[in-house]
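Numbering (my numbering), first residue to last: 270 to 781. Backbone N, C-alpha and C fix where the C-beta goes; we use that ideal spot for every residue, glycine too. Only a predicted model underlies this, so the values are computations on that prediction, with no experimental measurement involved. A short worksheet on the structure shown next.
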């Protein structure tokens, strides 16, 4: 039996100060020309938390607006007003920066995060009323430092400063004197990724009524790497995040594949559950500070607010078949192999048509394709175009080449089988997985029958190969197999109970 998707969560942390001080576009510009007009005027292009909350793609990411509803609003969405500005949605929340810094401190188990006393006191009060934060973790805020000591750590010990509303409110110390893999900068990036992953895990558990003790394995699939100088990317984010989230019976490991990492991780998790190795596996990932404000120069030059101002995260639960939840059909898996090549036609064919053909399906048999669901508000001004739309046009063109649709039906194919993009440009985050939560609901409501999730990656970024990468899988309506098995097991139990009752009665009659 296929494993099933039992739940999904999505979270954002609004981090405008991290855009300025930690996004690589900004830090690189600061190294080249610290007095550039871009850096001087950057803070004027930053959004408030309220504006970030009210942004329609962000409300879509946490589940308050559906992709279909989002498509009904005229683009660009940053110019649109809506009635949606909730902090919490059906899938997760949009956390303000000060509370997220507090969560980073909670996720630090080596006493490397140092917060100034006033800030520590303030954020403690806010997290005290957060329903998902374990009160025992709040003790970390009792270790506040004076601002003079924080300044000394930054100036003399190369600690990474933490900013809130333009002011230094703390810092993160290096974990080693000379190891570059444990520098304050790397520790900062890793703690941000860990904290955003933890936030998503907490929402997944809470919103789906998950028994923490039932989770046996966690797979983390972000684009960060942790280790020391002897094994720079050894990991393990999965177990580190599971510890904070209270998953005491879980072990886990990390899977890396650049942007395609989440799709690889989901196939691994589905296979582990289908094989019976584990009954409940979580796939999760935190976000990346390096990509904050990645297209900031283009946005500022065109009078657009900095839209890449959030660290994102997600988590999904893959479980044994319950007869109800959507199934991950591991018999339909697309693969960009070593020999596939890099032409767009070969890439998209290997991930879609080739896998579907083996299962006797056409491209038109997939109701919805979830590709690189990047927000066009972000990518179009930067010259990258509408990324999801471009992918859908390639799939439609492939369907036309295979005579599954007429060429004149290409626009209709894109409209019917595609969606607008809404995900933040955090590398792995947009790659197929943002639709899992909506797809689960639509499949269970029988609005669609099948959805295909496609993850693609650029392996040449690591300078180890010029290859591209990609995998895909199909999520489908539950066949009812798990339910049927459960019924038959119940029937067997009743038959055994009835037999034992008859046997007991028979013994009574004999004794009588």
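Would you mind stating whether residue i and residue j have Cβ atoms separated by less than 8 Å?
{"i": "residue 602", "j": "residue 736", "result": "no"}
{"i": "residue 573", "j": "residue 288", "result": "no"}
{"i": "residue 518", "j": "residue 482", "result": "yes"}
{"i": "residue 233", "j": "residue 488", "result": "Any answer about residue 233 is impossible in this case: the structure gives the chain only from 270 up to 781."}
{"i": "residue 645", "j": "residue 690", "result": "yes"}
{"i": "residue 659", "j": "residue 281", "result": "no"}
{"i": "residue 290", "j": "residue 432", "result": "yes"}
{"i": "residue 347", "j": "residue 566", "result": "no"}
{"i": "residue 694", "j": "residue 563", "result": "yes"}
{"i": "residue 458", "j": "residue 559", "result": "yes"}
{"i": "residue 686", "j": "residue 635", "result": "yes"}
{"i": "residue 362", "j": "residue 472", "result": "yes"}
{"i": "residue 333", "j": "residue 298", "result": "no"}
Measuring straight from C-alpha to C-alpha, what distance separates residue i and residue j?
{"i": "residue 718", "j": "residue 586", "result": "20 Å"}
{"i": "residue 422", "j": "residue 440", "result": "8 Å"}
{"i": "residue 328", "j": "residue 317", "result": "15 Å"}
{"i": "residue 437", "j": "residue 470", "result": "29 Å"}
{"i": "residue 435", "j": "residue 273", "result": "45 Å"}
{"i": "residue 387", "j": "residue 443", "result": "23 Å"}
{"i": "residue 756", "j": "residue 357", "result": "Annotation note: pLDDT 46 at residue 756 (below 50); position unreliable, no value reported."}
{"i": "residue 643", "j": "residue 701", "result": "9 Å"}
{"i": "residue 445", "j": "residue 707", "result": "44 Å"}
{"i": "residue 583", "j": "residue 507", "result": "13 Å"}
{"i": "residue 604", "j": "residue 453", "result": "38 Å"}
{"i": "residue 339", "j": "residue 404", "result": "37 Å"}
{"i": "residue 305", "j": "residue 420", "result": "26 Å"}
{"i": "residue 449", "j": "residue 424", "result": "18 Å"}
{"i": "residue 692", "j": "residue 629", "result": "32 Å"}
{"i": "residue 501", "j": "residue 675", "result": "51 Å"}
{"i": "residue 569", "j": "residue 296", "result": "16 Å"}
{"i": "residue 286", "j": "residue 478", "result": "34 Å"}
{"i": "residue 697", "j": "residue 727", "result": "11 Å"}
{"i": "residue 406", "j": "residue 480", "result": "20 Å"}
Whose C-alpha, out of the options, is nearest the C-alpha of residue i?
{"i": "residue 539", "options": "642, 468 and 588", "result": "588"}
{"i": "residue 657", "options": "380, 423, 704 and 669", "result": "704"}
{"i": "residue 493", "options": "282, 616, 455 and 385", "result": "455"}
{"i": "residue 673", "options": "646, 304, 632 and 695", "result": "632"}
{"i": "residue 667", "options": "615, 691 and 642", "result": "615"}
{"i": "residue 716", "options": "691, 747 and 722", "result": "747"}
{"i": "residue 670", "options": "338, 622 and 411", "result": "622"}
{"i": "residue 721", "options": "727, 728, 356 and 712", "result": "712"}
{"i": "residue 322", "options": "343, 306 and 284", "result": "284"}
{"i": "residue 278", "options": "529, 407 and 360", "result": "360"}
{"i": "residue 710", "options": "271, 270 and 275", "result": "275"}
{"i": "residue 725", "options": "699, 731 and 749", "result": "699"}
{"i": "residue 320", "options": "334, 330, 350 and 297", "result": "350"}
{"i": "residue 410", "options": "376, 345, 428 and 342", "result": "376"}
{"i": "residue 535", "options": "744, 416 and 652", "result": "744"}
{"i": "residue 465", "options": "734, 490 and 547", "result": "490"}
{"i": "residue 550", "options": "516, 675, 503 and 654", "result": "516"}
{"i": "residue 258", "options": "528, 596 and 553", "result": "Outside the shown range of the chain (270 to 781) lies residue 258, about which nothing can therefore be said."}
{"i": "residue 731", "options": "528, 619 and 570", "result": "528"}
{"i": "residue 336", "options": "637, 647 and 385", "result": "637"}
{"i": "residue 524", "options": "548, 555 and 546", "result": "555"}
{"i": "residue 460", "options": "475, 480 and 496", "result": "496"}
{"i": "residue 561", "options": "311, 303, 301 and 302", "result": "311"}
{"i": "residue 723", "options": "530, 427, 661 and 639", "result": "639"}
Please classify residue i as buried or exposed, where buried requires at least 16 neighbouring CB atoms within 10 angstroms.
{"i": "residue 378", "result": "exposed"}
{"i": "residue 408", "result": "exposed"}
{"i": "residue 688", "result": "buried"}
{"i": "residue 271", "result": "buried"}
{"i": "residue 611", "result": "exposed"}
{"i": "residue 303", "result": "exposed"}
Less than 7 Å between the CB of residue i and some heavy atom of the ligand SAM, yes or no?
{"i": "residue 576", "result": "Ligands displayed in this structure: none; no statement on the ligand SAM is therefore possible."}
At least three beta-carbon pairs within less than 8 Å, the segment 675–694 to the segment 733–748: no
Inter-stretch contact at 8 Å, needing at least 3 Cβ pairs: the segment 396–414 / the segment 357–375: As far as the Cβ criterion goes, the segment 396–414 touches the segment 357–375, which means the pair count is three or higher.
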